[in-house]
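Student: Following the numbering used here, the numbering of the sequence shown begins with 9 at its first residue and continues without gaps.
Note that CB positions come from ideal geometry on N, CA and C, so glycine has one too.
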Amino acid sequence: MDTTWPVILDMDPGHDDALALLAALALLPVVGVSVVAGNQTVDKTFLNARRVLAMAGQSLPVARGYAKPLVRPLRTAAHVHGASGLDGYAFPPLPEDPAPLYAMSWLETVFSAQPHLNWIATGPLTNVAAFLLGHPHRRHQVRRLCIMGGALSGGNITPAAEFNFYVDPEAAAIVLASGLDIWLVGLDVTHRALLPASAIDRFRELRPPLGEMLWSLFQFFRHHEPHSRERGTPIHDVLAVMALVHPELFEWRETPLTVVTEGADRGALKPTDAGPPVHVAVNVDVDGALAWLDETLQRYRP
Ligand code: RIB
Ligand code: CA
Numbered sequence: 009m010d011t012t013w014p015v016i017l018d019m020d021p022g023h024d025d026a027l028a029l030l031a032a033l034a035l036l037p038v039v040g041v042s043v044v045a046g047n048q049t050v051d052k053t054f055l056n057a058r059r060v061l062a063m064a065g066q067s068l069p070v071a072r073g074y075a076k077p078l079v080r081p082l083r084t085a086a087h088v089h090g091a092s093g094l095d096g097y098a099f100p101p102l103p104e105d106p107a108p109l110y111a112m113s114w115l116e117t118v119f120s121a122q123p124h125l126n127w128i129a130t131g132p133l134t135n136v137a138a139f140l141l142g143h144p145h146r147r148h149q150v151r152r153l154c155i156m157g158g159a160l161s162g163g164n165i166t167p168a169a170e171f172n173f174y175v176d177p178e179a180a181a182i183v184l185a186s187g188l189d190i191w192l193v194g195l196d197v198t199h200r201a202l203l204p205a206s207a208i209d210r211f212r213e214l215r216p217p218l219g220e221m222l223w224s225l226f227q228f229f230r231h232h233e234p235h236s237r238e239r240g241t242p243i244h245d246v247l248a249v250m251a252l253v254h255p256e257l258f259e260w261r262e263t264p265l266t267v268v269t270e271g272a273d274r275g276a277l278k279p280t281d282a283g284p285p286v287h288v289a290v291n292v293d294v295d296g297a298l299a300w301l302d303e304t305l306q307r308y309r310p
């Protein structure tokens with residue numbers, strides 16, 4: 009696995025997406041971000057991605073993706089991420105976006121310029137599925153696709169489904185059947201790797217105003233994320249970045265998977281005997297993950 013290949017991120021920031029973006033920027037050759045509707049509307053996830061990049065001093069492209077799932081109405085998560093999608097911090101104003109980019113054309117531009125790419129997806133898979141459907145000739149260029157989504161057991165938006173796969177189950181099923189080298193991190197492990205309050209407090213040691221931003225955002229998130237516990241808060245999407253840079257910190261199972269698209273189990277991840285195998289995380293070295301995140305964020309110290 010080669011992490012020197014350029015990296016593209018598809019996200020729906022979102023508090024954990026924001027932390028995942030900062031981790032990726034610190035470690036990987038990120039060439040840009042596409043945003044998708046999920047935690048909030050695409051207008052809000054677009055603004056939030058631009059806000060986080062600006063706070064990190066990065067001027068990478070942000071491309072606007074789909075405003076709704078492939079075939080069903082959008083369901084957002086304002087109860088978790090707030091009305092803005094990134095509540096908890098008063099971001100400074102941003103200049104008007106000088107040259108709006110759109111995800112499908114931006115992705116084609118990026119893929120035409122690179123022989124291979126690594127791809128990290130941390131929101132509903134609408135953009136990823138749409139691009140793969142419309143650009144099958146680009147599939148072979150994806151080295152690894154690391155996804156935060158799904159759950160082999162349980163759920164967080166219904167008892168059976170994880171939010172990203174619930175919002176766009178058709179897209180998730182298309183991507184899991186695509187044959188790409190997929191590394192899937194679901195709630196089975198993200199609900200174990202909880203970030204303690206002490207680690208959130210250490211965000212304030214990072215360079216201003218980024219440290220204050222992260223601390224304020226996670227003060228909000230830790231009180232709104234449904235799986236937050238006394239021992240800590242989930243960092244979901246951050247683990248999709250870790251899956252690319254440190255797959256050895258997970259225990260993986262390799263099996264074909266599909267996603268239920270109808271009925272009460274909509275969005276549920278199910279093993280199937282048809283289709284290509286994907287790697288799905290079944291355990292994680294929690295101490296190793298928290299130590300890795302702490303070390304990664306040191307790159308943002310004053
Ligand atoms: O279920 C957790 C996932 O849904 C994370 O990606 C979070 O950001 C939300 O999008
Ligand atoms: Ca997300």
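Provide the residue(s) that pair with Trp191 in DSSP beta bridges, ordered along the chain.
Tutor: Position 183 of the sequence shown holds residue 191. In the DSSP output, where bridge partners are listed per residue, Trp191 has Cys154 and His287.
Student: Would you mind reading off the limits of the alpha helix (DSSP H) that contains Leu298?
Tutor: In the sequence shown, the residue the question calls residue 298 occupies position 290. Residues Val294 to Leu305.
Student: Cα separation between His235 and Leu195?
Tutor: Looking up residue 235 in the sequence shown gives position 227. Looking up residue 195 in the sequence shown gives position 187. When rounded, the distance between both Cα atoms is 10 Å.
Student: Extract the residue ranges of the alpha helix (DSSP H) inside the segment 59 to 146, only unbroken runs of 4 or more that lie entirely within it.
Tutor: 86 to 89, 111 to 121 and 134 to 142
Student: Going by alpha carbons, who is nearest to Leu140 out of Pro100, Asp105 and Ala181?
Tutor: Taking the sequence shown and counting its residues from 1, one reaches residue 140 at position 132. Considering only alpha carbons, the answer is Ala181.
Student: Is it buried or exposed, Glu170, if we count other Cβ atoms within 10 angstroms and call 16 or more buried?
Tutor: Position 162 of the sequence shown, counted from the first residue, corresponds to residue 170. A buried status is given to Glu170, since no fewer than 16 other beta-carbon atoms sit within 10 Å of its beta-carbon.
Student: Tell me where the beta strand (DSSP E) around Trp260 begins and ends.
Tutor: Here residue 260 is taken as the residue at index 252 of the sequence shown, counted from 1. Note, Trp260: beta strand (DSSP E), Phe258 to Val267.
Student: Just the Cα atoms here: how many angstroms apart are Phe211 and Phe229?
Tutor: Within the sequence shown, residue 211 is the residue found at index 203, counting from 1. Within the sequence shown, residue 229 is the residue found at index 221, counting from 1. The alpha-carbon atoms of Phe211 and Phe229 are separated by roughly 14 Å.
Student: Expressed to the nearest angstrom, what Euclidean distance is found between the alpha-carbon atoms of Ala34 and Leu78?
Tutor: Here residue 34 refers to the residue found at position 26 of the sequence shown. Here residue 78 refers to the residue found at position 70 of the sequence shown. Distance between the alpha carbons of Ala34 and Leu78: 32 Å.
Student: I'd like to check one pair, Met63 with Met221: are the Cβ atoms closer than 7 Å?
Tutor: Taking the first residue of the sequence shown as position 1, residue 221 is located at position 213. Taking the first residue of the sequence shown as position 1, residue 63 is located at position 55. Yes, they are a contact pair.
Student: How big is the Cα-Cα spacing for Arg239 and Leu298?
Tutor: Indexing the sequence shown from 1 puts residue 239 at position 231. Indexing the sequence shown from 1 puts residue 298 at position 290. About 13 Å.
Student: Whose C-beta lies closer than 6 Å to the C-beta of Ala57 among residues of the same chain, with five residues either side of it excluded?
Tutor: One-based indexing of the sequence shown puts residue 57 at position 49. The residues are Pro21, Val41, Val43 and Val70.
Student: So, helix, strand or coil for Leu218, using DSSP?
Tutor: By one-based count along the sequence shown, residue 218 stands at place 210. Leu218 falls in the helix class under three-state DSSP.
Student: For Pro132 versus Asn164, is the C-beta spacing smaller than 7 Å?
Tutor: Against the sequence shown, residue 132 aligns to sequence position 124. Against the sequence shown, residue 164 aligns to sequence position 156. Their beta carbons are not under 7 Å apart, which means Pro132 does not touch Asn164 by this criterion.
Student: Alpha carbon to alpha carbon, how far is Val60 from Leu225? Give it in angstroms, no decimals.
Tutor: The residue you call residue 225 lines up with position 217 of the sequence shown. The residue you call residue 60 lines up with position 52 of the sequence shown. Distance between the alpha carbons of Leu225 and Val60: 11 Å.
Student: Whose CA, out of Tyr74, Thr53, Pro255 and Pro279, lies closest to the CA of Val294?
Tutor: In the sequence shown, the residue the question calls residue 294 occupies position 286. Val294 has its Cα closest to that of Pro255, out of Tyr74, Thr53, Pro255 and Pro279.
Student: Any idea which residues DSSP pairs Leu202 with across the strands?
Tutor: As a first step, residue 202 is located in the sequence shown; it is residue number 194 there, counting from the start. According to DSSP, which records beta bridges pairwise, Leu202 is partnered with Pro242.
Student: With which residues is Lys278 paired in a DSSP beta bridge?
Tutor: As a working note, residue 278 is residue 270 in the sequence shown. Answer is Thr266.
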